[in-house]
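Scroll down for the structure; my scribbles are underneath it.
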Amino acid sequence: MSTDLKLSYLPDSDVDDFYELNIRQKSLNKIDNADFGWFHIRTCIVAGIGFFTDAYDLFVINFVAAMLAHTELTGYNATARASIDMGLKMSAACGTLVGQLAFGWFADRYGRKKVYGWELAIMIMATFGSAMSSNSFAITTWASIMFWRFILGIGIGGDYPVSAIITSEFATVKRRGAMISAVFATQGFGILTAGVVSVATLGAYQDSIRNNPMYIDGVWRVVLAFGVIPAVVGLYFRITIPETPRFMMDVLGDVEKATHDIDTVLNHEGPLSTKGGLIYVIETPNATWKDFKEYFSKWENGKILLGTSISWFVLDVAFYGIGLNNAIILQAIGFGDNQNTFSTLWNLSVGNIIITILGTIPGYWCTVFLIDKWGRKKIQLMGFIILTGLFLIWGFGYQLIKQHMAIFIIVFSLCQLFQNFGPNATTFVVPSEVFPTRYRSTGHGISAASGKLGAIIAQVGFFQLKDIGGTNNFVDRLILIFACFMFFGIFSTLLIPETCGKTLEKLSNEHPQIVVNVNRKHKRKSSG
């Protein structure tokens with residue numbers, strides 16, 4: 001029997017039988033040491049479709065906001081347009097924060113399977129709503145888009161903890177980091193697709209826009225609506241995915257059902273024998289507020305939640321401060337400046353595609369291939385250290401860099417590379433591994449919501465500060481501020497453990513007890 005487990009009660013059966021019949025540990029060993037197969041690939045694809053959609057919906061606002069500036073916002077002054085632009089970009093982030101906290105708790109309370117798919121359904125509804133927004137007596141187009149993007153954000157936020165936890169709890173120990181980061185890496189393709197769809201739609205409307213810029217109204221609606229397609233594709237597969245065995249065992253206490261599901265998904269010949277009719281039920285505390293406070297009040301546990309939350313917070317200040325304002329930064333260096341509306345929007349879209357291909361996507365996949373060899377902590381530390389240096393170089397050399405497009409693209413692409421081959425990926429991976437099953441999704445949701453709080457602060461700060469001293473005149477100082485946040489990330493990383501090569505049970509810092517249930521009733525005793 002594993003040393004991580006403690007015997008709570010033993011009936012009048014032979015002690016050797018108890019050791020032989022440690023169903024839970026054998027079942028978990030099957031998951032942890034399974035050969036990488038089709039089920040693992042399917043899990044990554046099903047979860048990855050959601051993150052592809054998340055990234056598309058979040059970052060497509062870059063292009064939509066620029067398009068709206070040429071149609072819906074033409075009658076507003078510069079101050080009002082800047083405030084509306086900020087609202088368009090913040091609305092989804094605010095909804096995402098709510099969704100991460102809510103769905104994080106829901107998945108621990110009701111189960112991963114029961115809530116999986118709801119987040120995509122919300123995203124589908126909200127995407128249709130935002131694409132169909134229009135002026136009316138009571139509400140403007142841009143206000144309607146903000147409302148629907150807040151709802152959209154709730155769905156996006158729900159995808160973070162649930163997809164991460166499902167992937168983590170089905171993954172093998174050897175490839176867990178690669179599987180979770182591969183799910184997250186689909187974000188890169190989502191960001192790239194947003195640029196490609198923008199370029200393709202602009203190209204289709206090119207002649208019409210050159211004759212009448214108001215045809216851009218059709219472009220941004222198509223660009224927004226495209227986000228429905230991958231969400232619809234993934235909805236059925238999410239609804240049909242099985243509950244994770246760890247939730248079945250550790251929260252519901254049904255070891256027999258969990259072992260059957262493990263054998264089904266891994267295509268084993270049959271379930272482990274429950275010889276003698278004995279069933280093992282896992283004795284873990286109930287997920288109560290009292291138990292939550294007791295667990296995280298221990299420094300060995302609390303410091304991990306603190307480390308994952310702060311690391312995600314400081315990372316997202318820079319990641320979203322830069323990512324959601326690519327169009328503004330490209331305009332600030334003159335890349336998007338042209339005499340006609342079509343060329344301006346076209347160049348902004350092409351510029352984003354170039355940066356995504358050069359930095360964003362390679363960064364994600366470097367993490368996928370190396371995270372289980374180098375370890376999460378090493379990659380996160382490396383990323384924060386290099387990003388600190390890159391932002392300092394970019395900030396102090398801003399005036400020189402903005403005059404040379406090639407240098408700017410190199411520096412910007414390197415920043416994107418080491419955000420994604422670094423803390424942007426690892427801050428997603430680690431919280432899905434380090435908490436016990438009953439709080440794994442909640443802990444991930446809290447960590448992710450901390451990051452989104454950083455994104456919201458970054459957006460407000462960016463728009464409030466960027467024009468100090470003139471239009472986009474404070475961007476260089478903002479980049480230096482981002483460097484400070486990257487520096488703080490080095491120290492928050494020291495609070496988290498290295499999770500590479502360790503089982504989820506080992507990382508939970510707990511020793512669950514096993515109860516032999518002779519009557520085959522799956523009732524958990526509360527010790528919380």
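With the first letter of the sequence shown counted as 1, position 326 gets the number 326 in UniProt numbering; the numbers rise by one all the way through. Glycine included, each C-beta is placed from N, C-alpha and C at the ideal position. Since we're looking at a predicted model, the values are computed, not measured.
In this structure, the beta-carbon distance from residue 84 to residue 148 does not fall below 8 Å. Here residue 373 has no same chain residue with a Cβ atom under 6 Å from its own Cβ, once five neighbours each way along the sequence are excluded.
Fewer than three pairs of CB atoms, one per stretch, sit closer than 8 Å, so the region 479 to 496 makes no contact with the region 93 to 112. At a cut-off of 3 residues, not a single continuous stretch assigned as beta strand (DSSP E) sits fully inside the region 437 to 489. Between residue 297 and residue 492, the C-beta gap is not smaller than 8 Å, which leaves the two residues out of contact.
Annotation: residue 190 to residue 356 spans about 10 Å, alpha carbon to alpha carbon. If you compare the alpha carbons of 246, 153, 125 with that of residue 435, the shortest gap goes to 246. About 6 Å separates the CB atoms of residue 64 and residue 224; that is less than 8 Å, so the two are in contact. With respect to the C-alpha of residue 66, the residue from 212, 226, 89 having the closest C-alpha is 89.
The shortest C-alpha to C-alpha distance from residue 504 to any of 470, 450, 172 is the one to 172. Using a C-beta cut-off of 8 Å, the region 152 to 169 makes contact with the region 440 to 449, since at least three inter-stretch Cβ pairs fall below that distance. Within the region 337 to 389, the runs of alpha helix (DSSP H) that reach at least 4 residues and sit entirely inside it are, in chain order, 341 to 355, 361 to 374. A distance below 6 Å between beta-carbons, with the five flanking residues on each side excluded, links residue 222 to the following residues of its chain, in chain order: 201. The Cβ-Cβ distance between residue 416 and residue 383 does not fall below 8 Å.
In this structure, residue 98 lies away from residue 41, with their beta-carbon atoms at least 8 Å apart. Annotated three-state conformation of residue 254 is coil, per DSSP.
Counting along the chain, residue 226 sits inside no alpha helix (DSSP H), nor does DSSP assign it H or E at all. The residues 99, 103, 119, in chain order, have a CB closer than 6 Å to that of residue 158 in the same chain once the five nearest residues on each side in sequence are set aside. With contact defined as three or more Cβ pairs closer than 8 Å, the region 457 to 464 and the region 314 to 323 are in contact.
Across the structure, residue 288 and residue 362 are spaced so that their CA atoms are roughly 42 Å apart. When C-beta atoms of the region 54 to 63 are compared with those of the region 192 to 207, three or more pairs fall below 8 Å, so the two segments count as touching. The Cβ atoms of residue 465 and residue 478 lie closer than 8 Å to each other. Secondary structure at residue 176: helix, using DSSP grouped into helix, strand and coil. Residue 132 sits in coil when the DSSP states are folded into three classes, being neither helix nor strand.
By the Cβ-count criterion, residue 445 is buried, with 16 or more other Cβ atoms from all chains shown falling within 10 Å of its own Cβ. In the structure shown, residue 216 adopts helical secondary structure according to DSSP, grouped into three states. Your pair residue 93 and residue 452 checks out as a contact, with CB atoms roughly 6 Å apart and the cut at 8 Å. Judged by DSSP secondary structure, residue 415 falls within the alpha helix (DSSP H) whose first and last residues are 405 to 420. Only residues of its own chain outside the window of five on either side were considered, and among them 53, 56, 57, 60, 123, 127 have a CB closer than 8 Å to the CB of residue 227, listed in chain order.
Residues of the same chain with a CB within less than 7 Å of the CB of residue 44, apart from the 5 flanking positions on each side, are 167, 179, 182, 183 in chain order. Exclusion of the five residues before and after residue 447 leaves 308, 309, 312, 431 as the residues of its chain whose Cβ lies within less than 6 Å of its Cβ. Non-local C-beta neighbours of residue 218 in its own chain, meaning closer than 7 Å and more than five positions away in sequence, comprise 205, ordered along the chain. Taken through DSSP and simplified to helix, strand or coil, residue 423 comes out as helix. If you draw a straight line from the Cα of residue 349 to the Cα of residue 342, it comes to about 11 Å. Counting only residues of its own chain and dropping the five nearest sequence neighbours on each side, residue 386 has a CB closer than 6 Å to the CB of 418.
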